[in-house]
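Each remark here refers to the structure printed beneath this line.
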Amino acid sequence: MIHNKYRKTLSVLLLAFSIFASGCTNSEEKPPDTVEVKQPEQIDIKAGELIEQMIRYADENKGHINDSVELRQFQLVKTYYTNNQFQPVWSTRDEWNPIADSLYRFIYFSKHYGLFPTDYHVASLLNMRNGLVADTLHKKNAALWARADLMLTDAYLNIATHLKLGRLPKDSVTLRNDSIVKPDYFLGLLQEAIGDKNIVSHLNSTEPSHRGYRELKAVIPAFLDSAKLVPTTYISYPYRDTAAFKVQVIKRFSELGEPIAAGDTQQLRQAVIKYQKEKGIRATGEIGAQTAASLNTNDWERFKRIAITLDRYKMLADTMPEKYIWVNIPAFQMQLRDTDTVGIESRVVVGKPITRTPLLTGRITDMVTYPQWTIPTSIIAKEILPGIKKDPEYLAKKGYSLVDDKGEVIDPYTVDWTKYKKGIPYKVVQGSGDDNALGILKFNFSNKYSVYLHDTNQRYFFKNTMRALSHGCVRVQEWQKLAYFILSNDSINGPVNIQSFKSDSLRAWLQRKEKHVIPVRTRIPLYIRYFTCEAREGKLKIYDDIYGEDKILSERYFASKPIF
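Counted from 1, the sequence shown has number 86 at position 68 by the working numbering; the numbering is strictly sequential.
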């Protein structure tokens, strides 16, 4: 019995080993690093065989053709070579084709497109090219030709993908529905580029046509010419160790060309004030969150933010509307764009970092003169309820009313506020008037956040450099210009007298301080976006990353990028 038991166990082990060995036998062997071919006319044939072998190997090894090279667009590369019988496309016999040089130059200067050359095998391809062009032994190595071919194809397809779609994750706001880019698009692009022997024009054709994208991209070469792409001292903020913090600050100012003697508090304060004035930060002489963030933005981080902004343009539709409203949160700016020109430009106040203005796409549906403000439940939970619990007079002091679901005004003294922790079964409303937080006119558009554009009763905020001060809505300094443009635009599709009637009515209602809802027939699209970089009159303008959005994306997607 015992012997039979062992015999059965041994049989199972032998069967398992047989299956394992069979599996190992069927797996693709690692392609050789060197395959010498003596006759030049045989190189293409052998390179083709090796390309096929490398693709089979990569299929089983997560896109790796050897221990060090990963094809990042492997599925596209595989499809391309399968469709072309695994023939090399970037070389002929033992000669590097001109289009290969053209692609390599594009890779090297891809930083001018907000791309990172290291994503496209730049160093390996340079070493390969130098060897294949100048070294007789390398010229005879069909394996080297095969690897170079695969890497060039992968680089092209990866660049095309990054130029067309970007590298950032999509979300419900930025998701494009104007076109769906299928793999065949990139394969066809490569086929045409090789057939036409024109790499650059076909890659350029994948870029966004937006004016802002073109203008920002145009200033990158000048930025890189003067940029100091070197590591800099990071300022830890908030900090616990005051002495260590001062050492960091002194070292950072030294890197900026402002040497400060150790222990010279007055000299440090003057240097901080000078820096704050240069950067448009309130000059206090103290380093707060805004100054620390600015000091931590070196040229390498600026380049990453340019790259992020260019990718954000790729999330927009290929064709924007003829007329639309554009709100750029970090710039604290609204523009009415009409046929690719700026018709109206206005300062805006946006949400604080703790009550952020959300990214939105919508259309202006109506305007309201002397509006009431129904305070969102989020603000009630965070601010109103704690205020009432401390003092039932809080609502009266703020000019707010408590209203039940029947529209009846409720006396806050009659409510047991201790029962409520997060929400309340009432609306909190601020009546219309000059003291209303919405000012005397608001612009409605459909969204789930109860956010709108509006005037404000705190117009002095528009003088501030830092204007992230609201609960999330967008306060518009030039609200009158925007309102009259919308009315004028509305009249284009209607009788001639509609424009003057509506404009005159709006003026009269505002003078009489009357509440009226003005429906908008020709609904102008609205985009609220977060772009920290732009070109202004041919100069690079970088705005503060007020919500830390760029920082998050940079750390998640670009942190490991080596400085080029």
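Note that beta-carbon positions come from the ideal geometry of N, C-alpha and C, so glycine has one too. Please read these numbers as outputs of a predicted model, since none were measured by experiment.
Rounded straight-line distance, which links the Cα of residue j to that of residue i
{"i": "ALA280", "j": "VAL237", "result": "38 Å"}
{"i": "VAL447", "j": "THR474", "result": "16 Å"}
{"i": "LEU459", "j": "ARG493", "result": "10 Å"}
{"i": "THR224", "j": "ARG485", "result": "36 Å"}
{"i": "ILE73", "j": "PHE463", "result": "52 Å"}
{"i": "VAL380", "j": "PRO543", "result": "Residue 380 is actually Gly in this sequence, not Val. Rounded to whole angstroms, GLY380 to PRO543 spans 6 Å at the Cα level."}
{"i": "LEU524", "j": "TYR467", "result": "27 Å"}
{"i": "THR315", "j": "TYR255", "result": "13 Å"}
{"i": "PHE104", "j": "LEU208", "result": "15 Å"}
{"i": "VAL215", "j": "PRO187", "result": "Note that residue 215 corresponds to Lys in the displayed sequence, not to Val. One C-alpha to the other measures close to 33 Å."}
{"i": "ASN303", "j": "ASP562", "result": "Just to set this straight, residue 303 is Gly in the shown sequence, not Asn. So the two alpha carbons sit approximately 19 Å from each other."}
{"i": "PRO537", "j": "LEU528", "result": "16 Å"}
{"i": "ALA164", "j": "GLU296", "result": "54 Å"}
{"i": "GLN498", "j": "LYS129", "result": "43 Å"}
{"i": "TYR418", "j": "ARG229", "result": "45 Å"}
{"i": "ALA39", "j": "ASP77", "result": "With a pLDDT of 44 at ALA39, under the threshold of 50, the modelled position of that residue is not reliable, and the figure given next carries that caveat. Cα-Cα distance, rounded: 20 Å."}
{"i": "GLN351", "j": "THR540", "result": "23 Å"}
{"i": "SER518", "j": "LEU505", "result": "At SER518 the pLDDT is 48, less than 50, meaning the model places this residue with poor confidence and gives no usable figure here."}
{"i": "ARG270", "j": "ALA289", "result": "11 Å"}
{"i": "LYS389", "j": "HIS472", "result": "Checking the sequence shown, residue 389 turns out to be Pro, not Lys. Those two C-alpha atoms are separated by around 10 Å."}
{"i": "PRO201", "j": "ILE212", "result": "17 Å"}
Identified DSSP bridge partners for residue i
{"i": "SER488", "result": "GLY369"}
{"i": "LEU544", "result": "ILE343, GLY380"}
{"i": "ASN482", "result": "Beta-bridge pairing links ASN482 to no other residue."}
{"i": "PHE82", "result": "The amino acid at residue 82 is misidentified as Phe; the sequence shows His. GLU88, per the DSSP bridge assignment."}
{"i": "LYS583", "result": "Residue 583 lies beyond the stretch modelled for the chain, which goes from 19 to 582, so this question has no answer here."}
{"i": "GLU113", "result": "THR110"}
{"i": "TRP391", "result": "GLN448"}
{"i": "LEU471", "result": "PHE461, VAL492"}
Supposed contact pair residue j and residue i - C-beta distance, whole angstroms, cut 8 Å
{"i": "VAL433", "j": "VAL427", "result": "With a Cβ gap of about 12 Å, VAL433 and VAL427 do not count as contacting."}
{"i": "SER142", "j": "VAL87", "result": "7 Å"}
{"i": "ALA307", "j": "GLY132", "result": "Rounded, the Cβ-Cβ distance is 27 Å, inconsistent with contact."}
{"i": "GLY81", "j": "LEU68", "result": "Not confirmed; about 17 Å, so no contact."}
{"i": "ILE83", "j": "ALA160", "result": "Rounded, the Cβ-Cβ distance is 14 Å, inconsistent with contact."}
{"i": "VAL367", "j": "PHE480", "result": "7 Å"}
Residue i vs residue j beta-carbon contact at 8 Å
{"i": "ARG591", "j": "ILE560", "result": "This structure cannot speak to residue 591, because the chain is shown only from 19 to 582."}
{"i": "TYR575", "j": "ARG185", "result": "yes"}
{"i": "LEU403", "j": "ILE442", "result": "yes"}
{"i": "LEU234", "j": "GLU567", "result": "no"}
{"i": "THR136", "j": "PHE582", "result": "yes"}
{"i": "ILE291", "j": "GLN285", "result": "no"}
{"i": "ARG147", "j": "TYR122", "result": "yes"}
{"i": "THR628", "j": "GLN294", "result": "Given a span of 19 to 582 for the chain in the structure shown, any question on residue 628 remains unanswerable."}
{"i": "LYS56", "j": "LYS182", "result": "no"}
{"i": "PRO430", "j": "LEU456", "result": "no"}
{"i": "LEU94", "j": "LEU205", "result": "yes"}
{"i": "LEU500", "j": "LEU354", "result": "yes"}
{"i": "PRO226", "j": "LEU334", "result": "yes"}
Extent of the continuous beta strand (DSSP E) to which residue i belongs
{"i": "HIS534", "result": "534–537"}
{"i": "ASP356", "result": "351–356"}
{"i": "TYR122", "result": "From DSSP, TYR122 is part of no beta strand (DSSP E) but of the alpha helix (DSSP H) over 116–126."}
{"i": "VAL447", "result": "445–448"}
{"i": "LYS460", "result": "459–463"}
Boundaries (first-last residue) of the alpha helix (DSSP H) holding residue i
{"i": "ARG587", "result": "Nothing about residue 587 can be reported from this structure: the residues present for the chain run from 19 to 582 only."}
{"i": "VAL421", "result": "Careful: VAL421 lies outside any alpha helix (DSSP H), inside the beta strand (DSSP E) at 418–421."}
{"i": "GLY441", "result": "Neither: GLY441 is in no alpha helix (DSSP H) and is coded neither H nor E."}
{"i": "ILE239", "result": "Correcting the residue identity first, residue 239 is Pro in this sequence and not Ile. 238–244 is the span of the alpha helix (DSSP H), which, as asked, contains PRO239."}
{"i": "GLY132", "result": "Premise fails: GLY132 is in no alpha helix (DSSP H) and is neither H nor E."}
Below-8 Å beta-carbon distance, residue i vs any chain D residue
{"i": "VAL53", "result": "Annotation note: the requested chain D is absent from the structure, which comprises a single protein chain."}
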